[in-house]
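Working notes for the structure below.
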Amino acid sequence: MTSPRKPAASPVPIPQAVRAEIEELRRQLRYHSHRYHVLDRPETSDSEYDRLFDRLVELEKQFPAAVTPDSPTQKVGAPPASAFGTVRHHVPMMSLQKVTDETEFLEFHQRLIRLLDGEEPAYVIEPKLDGLAVELTYENGVLTVGSTRGDGAEGEDVTANLRTVRSIPLSLFGKSPRTLDVRGEVILRRSDFARLNTERLARGEEPMANPRNGAAGSLRQLDSTVTAARPLVFYAYGIGRCEGLDLARQSAALEFLGQAGFRVHPLVRLCPSKDDVMAAHRSIGTQRDELDMDTDGTVIKVDDFKLQERLGAVSHHPRWAVAWKFPAQEETTIVEDIIVQVGRTGIISPVAILKPVRVGGVEVRRASVHNEDELARKDVRPGDRVIVRRAGDVIPEVVKVVPGGQSPRARPFAFPRDCPVCGAPTHRDPDSAFHRCPNPACPAQIKERLAHFVSKAGVDVEGMGYRYIEQLTDKEIIRDVADIYFLDKDKLNQMERMGPKLAENLLAAIDRARRPDLQHLIAALGIDGVGEHIARVLAKAFGSLEKIAAASIEELQAVHEIGPIVATSIQRFFAMPQTAQLLKKLKDGAMVFPVMAGQAAGPKPFAGQTFVLTGTLVAMSRAEAAAKIEALGGHVAGSVSRKTNYVVAGSEAGSKLDKARKLEITIWDEEEFLRRIK
Ligand code: IVH
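Start counting the sequence shown at 86; every next residue gets the next number (our numbering).
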């Protein structure tokens with residue numbers, strides 16, 4: 086078993102005042118870490134947190150005997166281990182029986198009623214998160230052992246790694262049972278998975294196949310500092326042993342776990358009847374794509390522990406629970422052809438044209454293979470049978486080739502040396518695995534740049550679909566993205582399927598897109614390596630486009646999360662004469678360049694955060710509230726999306742509030758909002 090850093094041999098006596106300060110620092114750090122990593126409602130700045138943390142580190146260094154295993158300083162990873170030990174689960178971690186449709190679920194339900202002599206149980210429904218099952222043992226409220234599920238009877242001792250997961254408390258809040266085994270799933274969010282994979286691909290490394298593999302690989306690292314660097318998240322869904330606390334129901338257990346400091350999934354519902362279960366399952370299913378994590382179904386559990394006990398278990402699974410599976414996110418199909426596609430930055434990527442297949446309820450006809458190296462590594466050829474994966478709104482990708490394809494196999498795909506659209510000779514970036522078309526005037530690049538510019542991630546021109554983008558660029562009405570600000574009725578009239586009403590709407594949408602906020606403007610520019618997340622980081626750090634353009638490589642790199650590759654790319658972008666021309670043209674097209682409030686005067690605690698206001702506020706109008714948020718550095722958006730950080734909900738808030746709940750966005754009521762702006 087791995088243990089936290091050991092105290093020094095001959096302890097220096099610890100003065101009472103120091104003890105008290107250490108206790109207070111730990112209390113504050115735990116409180117703020119929970120607000121940040123579990124509730125998503127941070128109350129303090131990163132720098133203030135760091136200050137408290139550094140002070141604690143300093144005191145613990147001075148008085149090593151004061152170090153305890155549950156000190157917040159012990160979350161950073163321990164020295165590498167040479168192998169994992171094994172841990173026996175006191176209560177076996179069983180698996181679940183499965184159903185795939187309503188009929189099968191109803192059979193399950195009827196079976197339970199029979200076994201319970203006619204009694205109809207109430208259920209709890211939970212999303213079935215697709216990660217890695219783990220068990221955490223707390224003795225008197227302090228985390229002592231963390232293990233993987235393994236074969237259900239025995240798992241691997243990954244205590245050192247689990248300690249680094251931010252949403253796993255090292256000690257519990259409130260009154261703790263003597264012994265408590267907390268069970269749940271360690272996951273990697275889809276957005277984090279995508280970001281980590283982009284970074285890997287840029288470094289020429291092999292990408293992770295899916296978030297579950299990513300989570301498992303991150304957790305099974307012998308060097309826990311590697312795990313600490315991965316943004317793993319833990320969701321609690323049950324308990325094993327529980328000594329010294331009486332819990333009668335699954336719903337009560339989950340509530341207790343939430344209060345003890347764990348994340349419990351917000352889509353968990355108590356369902357008094359089978360009909361409620363079916364409705365909740367459908368509802369979770371429709372929200373599946375929008376969640377930032379993979380789910381492979383729902384888990385339905387009898388709520389009452391006494392009834393669970395009466396129902397008992399068969400060899401591998403309990404009778405009182407069932408997994409209701411969603412359609413799979415991975416399917417097999419045949420590759421009909423391989424083509425290459427030119428992206429907005431000129432990157433040429435191979436695309437597999439597939440025999441259409443439904444994946445997770447959506448028809449997939451093409452899948453990405455990223456780059457030439459990936460194509461070679463996966464060795465995908467026309468006629469091959471492959472596994473494709475689609476999750477959320479990300480582009481489907483080929484996971485791997487499986488047996489059963491055409492035989493003999495076709496020849497390996499010959500990666501073209503010229504751009505398939507404009508014919509320019511391509512070159513391979515020396516520092517990455519991508520081939521590029523070097524011609525910025527390549528029609529394919531212009532289309533993709535424009536599509537990106539007007540997308541939701543960019544300046545968000547509603548109604549500007551790909552159909553129009555193709556026509557506008559093919560007819561050469563648009564030669565660069567700034568041309569959209571020079572569109573008028575006459576120009577739009579030249580397009581097919583464009584009536585006067587549509588044209589009017591589109592021009593109004595373009596007009597609205599003349600005032601993007603800074604992070605969206607930066608993202609819209611399509612700088613290599615600068616996606617939505619980095620755009621926000623840049624906006625927060627610099628406050629205006631001019632300042633970013635003027636920043637040196639060193640200044641860019643000094644920003645947390647910006648490495649040398651991205652810094653170089655940003656500088657290169659702003660050094661290009663075409664960029665200067667583009668920015669001038671955007672201004673000529675009456676675009677207003679945003680400057681983030683925040684650089685000017687006063688503290689900006691809301692910098693980089695997006696708010697949505699909904700419902701009626703009592704103390705002020707929504708406009709006043711918006712002005713207040715902006716003065717504090719925040720951005721106010723009109724609709725709730727995954728980019729929203731906070732929703733301020735007044736009375737009678739409606740669909741926006743529902744959406745915020747669905748997306749797990751932090752919600753403030755008016756009282757909370759007023760407290761924050763003070
Ligand atoms: S309950 C007897 N609840 O599904 C109860 N499992 O086959 C067994 N899983 O790998 C587990 N979300 O990690 C339960 N809300 C949830 C779950 C869940 C995901 C995974 C679990 C295990 C598998 C069970």
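The beta carbon of each residue, even a glycine, is placed where N, CA and C say it ideally should be.
All values reported here derive from a predicted model rather than from experimental measurement.
Host beta strand (DSSP E) of residue i (start-end)
i: PHE696; result: 695 to 699
i: HIS174; result: Run containing HIS174: none; DSSP gives neither H nor E here.
i: THR664; result: Run containing THR664: none in the beta strand (DSSP E); it sits in the alpha helix (DSSP H), 662 to 673.
i: GLY240; result: 239 to 241
i: ILE423; result: 415 to 427
i: THR222; result: 217 to 224
i: LYS410; result: 406 to 410
i: LYS183; result: 182 to 184
i: ALA722; result: 720 to 722
i: ILE752; result: 751 to 754
i: ALA70; result: Because the chain is modelled from 86 through 763, residue 70 falls outside the range shown and cannot be assessed.
Buried or exposed by the 16-neighbour rule on C-beta atoms within 10 Å, applied to residue i
i: HIS605; result: buried
i: ALA710; result: buried
i: ILE198; result: exposed
i: PRO37; result: The requested residue 37 does not occur in the structure, where the chain is confined to residues 86 to 763.
i: VAL243; result: buried
i: THR185; result: exposed
i: GLY720; result: The sequence shown places His at residue 720, not Gly. Buried is the call here.
i: MET661; result: exposed
i: ASN295; result: buried
i: ASN578; result: exposed
i: ARG104; result: exposed
i: VAL399; result: exposed
i: LYS146; result: exposed
i: SER736; result: exposed
Nearest residue (CA-CA) to residue i, options the options
i: SER261; options: GLY431, ALA365, GLU328 and LYS625; result: GLU328
i: ASN524; options: ALA337, PRO467 and CYS504; result: CYS504
i: SER740; options: LEU698, SER706, ARG761 and ALA712; result: LEU698
i: LYS574; options: THR129, ASP422, ILE595 and VAL103; result: ILE595
i: GLU394; options: GLU482, PRO206, VAL442 and SER167; result: PRO206
i: ASP374; options: THR264, LEU748, LYS625 and GLU756; result: LEU748
i: ASP464; options: GLU284, PRO435, ALA593 and GLY446; result: PRO435
i: ILE663; options: LEU717, VAL680 and VAL566; result: Per the sequence presented here, residue 663 reads as Gln, with Ile not at that position. The option with the nearest alpha carbon to GLN663 is VAL566.
i: ALA345; options: ALA245, LEU124, ASN298 and ASP458; result: LEU124
i: GLY237; options: GLU211, LEU257, GLU187 and ARG173; result: ARG173
i: PHE658; options: ALA608, GLY343, VAL703 and VAL677; result: ALA608
i: ALA620; options: SER637, LEU641 and ARG600; result: LEU641
i: ARG315; options: ARG136, LEU392, ARG280 and VAL484; result: ARG280
i: ARG285; options: ILE554, LEU671, PHE758 and SER517; result: SER517
i: GLN306; options: ILE714, ALA495 and PRO164; result: PRO164
i: ARG348; options: LEU317, LYS728 and VAL644; result: LEU317
i: PHE390; options: TRP405, HIS401, ASP377 and MET378; result: TRP405
i: ARG552; options: LEU535, ASP568, ARG564 and GLY468; result: LEU535
i: ALA301; options: ARG367, ARG115, ARG275 and THR233; result: THR233
i: HIS618; options: ARG746, GLY693 and LEU137; result: GLY693
i: ALA61; options: ASP754, GLY648, PHE691 and ASP202; result: In the structure as shown, the chain starts at 86 and stops at 763, and residue 61 therefore has no counterpart that could be examined.
Residue range of the alpha helix (DSSP H) that includes residue i
i: THR244; result: 244 to 247
i: GLY343; result: 335 to 345
i: ALA708; result: 707 to 716
i: SER232; result: Run containing SER232: none in the alpha helix (DSSP H); it sits in the beta strand (DSSP E), 227 to 233.
i: LYS213; result: Segment 208 to 214 is the beta strand (DSSP E) holding LYS213; no alpha helix (DSSP H) there.
i: ALA300; result: 296 to 304
i: VAL703; result: Unbroken run through VAL703: none, as it is neither H nor E.
i: GLN530; result: 528 to 538
i: LEU281; result: 275 to 287
i: TYR551; result: 551 to 559
Proximity test, residue i beta-carbon vs ligand 3 heavy atom, cut-off 7 angstroms
i: TYR322; result: By its list of ligands, the structure shown excludes ligand 3, since it contains just ligand 1.
Report the residue ranges of all alpha helix (DSSP H) runs contained in full by the stretch 431 to 493; include only those spanning at least 4 residues, in chain order. Those alpha helix (DSSP H) runs which fall completely within the stretch 431 to 493 and span 4+ residues are 457 to 463.
Within the chosen definition, does the stretch 515 to 533 reach the stretch 547 to 559 through at least 3 CB pairs nearer than 8 angstroms? Between the stretch 515 to 533 and the stretch 547 to 559, the count of C-beta pairs closer than 8 angstroms reaches three or more; the two stretches touch.
Kindly provide the ranges of any alpha helix (DSSP H) runs that are 4 or more residues long and lie completely inside the stretch 312 to 388, ordered along the chain. Listed in chain order, they are 335 to 345 and 359 to 372.
Do three or more CB pairs link the stretch 244 to 255 to the stretch 353 to 370 at distances below 8 angstroms? No, they do not touch.
Check whether the stretch 207 to 220 touches the stretch 257 to 274, taking contact to mean three or more Cβ pairs, one atom from each stretch, closer than 8 angstroms. Two segments are said to touch when three or more pairs of C-beta atoms, one from each, lie closer than 8 angstroms; by this definition the stretch 207 to 220 touches the stretch 257 to 274.
Check whether the stretch 451 to 467 and the stretch 425 to 440 touch, using three or more Cβ-Cβ pairs below 8 angstroms as the test. Cβ pair count under 8 angstroms is three or more, so yes.
Ranges of the alpha helix (DSSP H) found wholly within the stretch 106 to 147, counting only runs of at least 4: If we require 4 residues or more, the alpha helix (DSSP H) runs fully inside the stretch 106 to 147 come out as 131 to 147.
Length-filtered (4 minimum) alpha helix (DSSP H) runs lying within the stretch 595 to 658: Counting only runs of 4 or more, we get 603 to 609, 617 to 627, 630 to 635 and 638 to 642.
Could you tell me whether the stretch 376 to 394 touches the stretch 438 to 445, where touching means 3 or more Cβ pairs closer than 8 angstroms? The answer is no - the stretch 438 to 445 does not touch the stretch 376 to 394, with fewer than three Cβ pairs under 8 angstroms.
Would you check if there are 3 or more beta carbon pairs closer than 8 angstroms linking the stretch 582 to 596 to the stretch 634 to 652? Cβ pair count under 8 angstroms is below three, so no.
Tell me, please, whether the stretch 662 to 681 touches the stretch 622 to 631 by the rule of three or more beta-carbon pairs shorter than 8 angstroms. Under the 8 angstroms Cβ criterion, the stretch 662 to 681 counts as touching the stretch 622 to 631, having at least three qualifying pairs.
Across the stretch 597 to 604 and the stretch 540 to 552, are there enough close Cβ pairs to call them in contact, namely three or more that are closer than 8 angstroms? Contact holds: three or more Cβ-Cβ distances are below 8 angstroms.
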